[in-house]
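Engineer: Let me begin by handing over the structure; questions about it come next.
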């Protein structure tokens with residue numbers, strides 16, 4: 196499986212508070228094969244997944260600033276909130292079990308706290324993801340999923356050159372699924388850890404590298420991820 200995300204971010208001033216609105220459009224390809232009722236089956240797909248839209252606002256400690264003011268800004272304590280919505284617009288075929296889109300909405304409110312001590316920054320965030328039912332699931336069925344509760348923490352070090360690196364940890368639990376009224380034995384209780392390195396290249400461009408892996412896994416998180424992102428600022 197391979198995935199590429201195209202994202203766009205617009206910074207905002209909401210009542211003097213710094214905010215942003217971002218859109219993420221995933222493009223994914225996968226190839227799967229296995230046995231279904233003793234017969235070999237294969238499924239290959241490539242295309243667009245469900246887009247995600249998020250509005251974030253810093254409620255404390257990070258006022259909206261001009262570019263000149265931001266150059267002299269020194270972070271102390273920041274408290275913020277966000278809401279991300281995933282829309283069922285990705286490719287979906289109800290005659291297939293595996294799809295790129297999920298054919299359902301999801302909503303993820305999140306609260307976050309960030310505190311700086313010199314070049315070090317500690318960040319903690321808690322979110323809950325709620326899902327609507329997919330009432331057009333494979334075989335004219337109904338697929339439901341319980342909320343997923345997530346706690347994320349990052350320890351970030353900022354170098355004088357503008358480079359920053361972080362040690363990242365995530366714990367999430369919940370997410371048990373129900374298909375046609377039958378509950379699955381797949382409730383998650385997983386811990387992941389990772390590293391992130393961000394390198395500014397000039398006033399408009401930056402590169403970001405990240406890697407993560409599962410530390411403890413009950414269901415569905417025993418894998419490693421390596422990622423690269425290129426960011427261009429207008």
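Residue numbers (the working numbering): 196 to 429. Note that beta-carbon positions come from the ideal geometry of N, C-alpha and C, so glycine has one too. Please read these numbers as outputs of a predicted model, since none were measured by experiment.
Using a 10 Å radius around the Cβ and a threshold of 16 neighbouring Cβ atoms, would you call residue 295 buried or exposed?
Structural biologist: That one is buried.
Engineer: Just curious, the alpha helix (DSSP H) that residue 264 is in, first and last residue?
Structural biologist: Residues 262–265.
Engineer: How would you call residue 402, buried or exposed, if buried means at least 16 neighbouring beta carbons within 10 angstroms?
Structural biologist: Exposed, since its Cβ has fewer than 16 Cβ neighbours within 10 Å.
Engineer: Within the same chain, show all residues whose beta-carbon is closer than 6 Å to that of residue 329, passing over the 5 residues directly before and after it, in chain order.
Structural biologist: Only 298, 299 and 338 meet the Cβ criterion.
Engineer: Out of curiosity, what's the CA-to-CA distance linking residue 315 and residue 370?
Structural biologist: Taking the straight line joining both Cα atoms gives about 34 Å.
Engineer: Rounded to whole angstroms, what is the Cα-Cα separation between residue 288 and residue 242?
Structural biologist: Cα-Cα distance, rounded: 13 Å.
Engineer: For residue 399, which beta-bridge partners are listed by DSSP?
Structural biologist: Residue 399 pairs with nothing; no bridge assigned.
Engineer: When DSSP labels each residue in this structure, what does residue 362 get in the three-state scheme?
Structural biologist: In this structure, residue 362 counts as strand in the three-state DSSP scheme.
Engineer: How many Å lie between residue 366 and residue 386 at the Cα?
Structural biologist: Cα-Cα distance, rounded: 4 Å.
Engineer: Restricting to runs no shorter than 3 residues, where is the beta strand (DSSP E) found entirely within the segment 228–315?
Structural biologist: Within the segment 228–315, the complete beta strand (DSSP E) runs of at least 3 residues are 234–243, 247–255, 272–281 and 301–312.
Engineer: Can you tell me which of the three DSSP states residue 425 falls into?
Structural biologist: DSSP places residue 425 in strand when its eight states are reduced to three.
Engineer: Nearest CA to the CA of residue 352: which residue from 362, 343 and 344?
Structural biologist: Checked all of 362, 343 and 344; the closest Cα to residue 352 is 362.
Engineer: Starting from the Cα of residue 332, find the closest Cα among 291, 308 and 341 and give me that residue.
Structural biologist: For residue 332, the nearest C-alpha among the options comes from 291.
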